[in-house]
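Counting from 52, one number per residue, gives the positions in the sequence shown under this note's numbering.
Positions of the beta carbon are idealized from the N, C-alpha and C atoms, including for glycine.
Owing to the predicted nature of the structure, the values given are computational and were not obtained by experimental measurement.
Worksheet for the structure shown next.
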Amino acid sequence: MRVGMGLATAAIVIGAAVDVASPAQAADDFSGTYLHTAPGLQSTWVVTPCGQDCAHVADSFGWSADAHPFGGVWRFVVDLPFGTKCNNDGVLPGGVTYKVDPGWNQGTFLASDPAACQLAPGWSNPVFFTLTRL
Numbered sequence: 052m053r054v055g056m057g058l059a060t061a062a063i064v065i066g067a068a069v070d071v072a073s074p075a076q077a078a079d080d081f082s083g084t085y086l087h088t089a090p091g092l093q094s095t096w097v098v099t100p101c102g103q104d105c106a107h108v109a110d111s112f113g114w115s116a117d118a119h120p121f122g123g124v125w126r127f128v129v130d131l132p133f134g135t136k137c138n139n140d141g142v143l144p145g146g147v148t149y150k151v152d153p154g155w156n157q158g159t160f161l162a163s164d165p166a167a168c169q170l171a172p173g174w175s176n177p178v179f180f181t182l183t184r185l
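Now the structure itself:
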């Protein structure tokens with residue numbers, strides 16, 4: 052029983068650590084080419100410095116955005132044609148907020164500007180993704 056409680060406590064601590072994350076690193080540390088993998092989604096990101104506290108993220112789906120350190124992670128918002136997943140399994144345009152911790156090779160995204168549909172359960176909460184440096 053104590054082992055089960057210990058594992059549950061460890062899971063909570065690890066989950067909290069993902070949300071708090073380490074301080075955002077310099078843009079040079081975030082620069083590179085990454086495989087971005089999320090549930091049902093995979094693309095390539097090319098990240099380049101774009102000034103002090105700025106990293107330009109270009110996705111293989113054709114969008115790009117400038118990320119800036121915020122709250123210990125790199126943060127950016129991008130308007131996507133498929134940014135909102137609806138309960139009827141359709142998609143509509145919408146804003147998506149990305150938070151990236153390149154030190155941990157992971158992050159989250161969240162529909163930040165829901166379109167005119169009820170959000171599907173998985174998209175109204177942060178969706179976790181991983182980054183693999185190529």
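- For residue 127, the enclosing beta strand (DSSP E) has its first and last residue at 124 to 136.
- Following the DSSP letters along the chain, one finds residue 152 inside the beta strand (DSSP E) bounded by residues 142 to 152.
- Around the Cβ of residue 160, a 10 Å sphere holds 16 or more other Cβ atoms; the residue is buried.
- Assigned with DSSP and collapsed to three states, residue 104 falls in coil, not helix or strand.
- Sequence-distant partners of residue 128 (beyond 5 residues in either direction) whose C-beta falls short of 8 Å from its own C-beta, in its chain, are 116, 146, 147, 148, 149, 163.
- Distance from the Cα of residue 138 is smallest, within the candidate group 152, 119, 168, for 168.
- A distance below 8 Å between beta-carbons, with the five flanking residues on each side excluded, links residue 82 to the following residues of its chain, in chain order: 98, 99, 100, 106.
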